[in-house]
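Student: Numbering (this note's numbering), first residue to last: 4 to 265. Ideal Cβ positions, reconstructed from N, Cα and C, are used throughout, including at glycine.
1. Whose C-beta lies closer than 8 Å to the C-beta of residue 156 among residues of the same chain, with five residues either side of it excluded?
2. Under 8 Å between the Cβ atoms of residue 249 and residue 130?
3. Give the range of the alpha helix (DSSP H) segment to which residue 72 is assigned.
4. Would you say the beta carbon of residue 238 is closer than 7 Å to some non-hydrogen atom of the ligand SAM?
5. CB residue 77 to CB residue 56, shorter than 8 Å?
6. Measure the C-alpha to C-alpha separation of residue 224 and residue 211 and round it to an integer number of angstroms.
7. May I ask you to report which of helix, strand or coil DSSP gives residue 132?
8. In whole angstroms, what is the alpha-carbon distance linking residue 10 and residue 230?
9. Just the C-alpha distance for residue 160 and residue 60, rounded to the nearest angstrom, thanks.
10. Please classify residue 52: does DSSP put it in a helix, a strand, or coil?
11. Secondary structure at residue 123, three-state DSSP: helix, strand or coil?
12. Quick check: what's the CA-CA separation for residue 121 versus residue 162?
13. Go ahead and pull the three-state DSSP assignment for residue 178.
14. Quick one: give me the first and last residue of the alpha helix (DSSP H) that residue 257 is part of.
15. Please list the terminal residues of the continuous alpha helix (DSSP H) segment that includes residue 91.
16. Could you give the distance in angstroms between the alpha-carbon of residue 124 and the alpha-carbon of residue 49?
17. Measure from the alpha carbon of residue 47 to the alpha carbon of each residue in 227, 140, 109, then state which is nearest.
18. Does the segment 191-209 come close enough to the segment 235-246 that 3 or more CB-CB pairs lie under 8 Å?
19. DSSP three-state call for residue 37: helix, strand or coil?
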């Protein structure tokens, strides 16, 4: 239950912000606002990509300029540093991953929508599982199961007894448990916390300025509005940063699977 601040009138926004019922009575329990926003995000991204690249011009403008800038950013800052010669091959996947995560994140600050899709753990988990399966598939395909595990457990230059005693168990635990877990939770936790903070400061401003406008409460309400505006700017930066970090880690995992010795 949300905690009470001012008597029984003002309640701090809590987990109820993430509890969405079905869109209509009798609808499947999974058919709710986050699922609809996720589908809308996919369709919108396809429309934007078509508008940007369906008829490319020699001198890019508008959507094409934005699309090319996004492509160059992912290629130069994510793909090439971790994948080298394989960067172009993986650009469709990495660009789609970055763009969709960013769009779903930005839904949290769009008026009328105001919900980041990735603040529901199911969506980051799906992304992380896809990256994890690709990583294992590439590692096993290119190096064999034994060869890939050996490259993880016995890095060059480390004595085998020391590797068996300390390094190998930690590396296997990291690769098969911690890495996919933290990959998903990092994105989810940031979007979850950011949405809560924005909701809290917005609620403070609305309650003190609109629902209970009093002279003593005016400074608190004004502070809530100012903080909501500042936090919105910070949240946009974090939304971009988390999309970048998630995609960067995906490229790093793929690169390590292709070239585990590096």
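Tutor: On the basis of the data shown:
1. Taking the first residue of the chain shown as 1, we reach residue 156 at position 153. Closer than 8 Å at Cβ, skipping near neighbours: 166, 167, 170, 171, 174, 175.
2. Within the chain shown, residue 249 is the residue found at index 246, counting from 1. Within the chain shown, residue 130 is the residue found at index 127, counting from 1. Contact flag set, yes.
3. Numbered from its first residue, the chain shown carries residue 72 at position 69. Start and end: 65-77.
4. Absence of the ligand SAM from the depicted structure is noted, as is the absence of any ligand whatsoever, leaving it without description.
5. As a working note, residue 77 is residue 74 in the chain shown. As a working note, residue 56 is residue 53 in the chain shown. It is not a contact, given that the beta carbons lie outside the stated cut-off.
6. On the chain shown, residue 224 is found 221 positions in, with the first residue counted as 1. On the chain shown, residue 211 is found 208 positions in, with the first residue counted as 1. Going by the C-alpha atoms only, they are around 5 Å apart.
7. Counted from its first residue, the chain shown places residue 132 at position 129. Here residue 132 sits in helix by DSSP.
8. If you number the chain shown from 1, residue 10 lands on position 7. If you number the chain shown from 1, residue 230 lands on position 227. Residue placement at residue 10 is poorly supported in this model, since its pLDDT is 44, which falls under 50; the coordinates still yield a value, given next. Distance between the alpha carbons of residue 10 and residue 230 is about 23 Å.
9. For the purposes of this step, residue 160 is identified with residue 157 of the chain shown, where counting begins at 1. For the purposes of this step, residue 60 is identified with residue 57 of the chain shown, where counting begins at 1. In a straight line, the C-alpha of residue 160 is about 52 Å away from that of residue 60.
10. Position 49 of the chain shown holds residue 52. If DSSP states are grouped into helix, strand and coil, residue 52 belongs with the helices.
11. In the chain shown, the residue the question calls residue 123 occupies position 120. DSSP places residue 123 in coil when its eight states are reduced to three.
12. Residue 121 sits at position 118 when you count from the first residue of the chain shown. Residue 162 sits at position 159 when you count from the first residue of the chain shown. Answer to the nearest angstrom: the Cα atoms are 43 Å apart.
13. Position 175 of the chain shown, counting from 1, holds the residue named residue 178. Residue 178 falls in the helix class under three-state DSSP.
14. Here residue 257 corresponds to residue number 254 of the chain shown, with the count starting at 1. First-last of the alpha helix (DSSP H) with residue 257: 221-261.
15. Mapped onto the chain shown, residue 91 falls at position 88. That run of the alpha helix (DSSP H) goes 90-109.
16. The residue given as residue 124 occupies position 121 in the chain shown. The residue given as residue 49 occupies position 46 in the chain shown. So the two alpha carbons sit approximately 24 Å from each other.
17. Numbered from its first residue, the chain shown carries residue 47 at position 44. Among 227, 140, 109, the Cα nearest to that of residue 47 is on 109.
18. yes
19. Locating residue 37 in the chain shown gives position 34, counting from the first residue. Reduced to three states, the DSSP call for residue 37 is helix.
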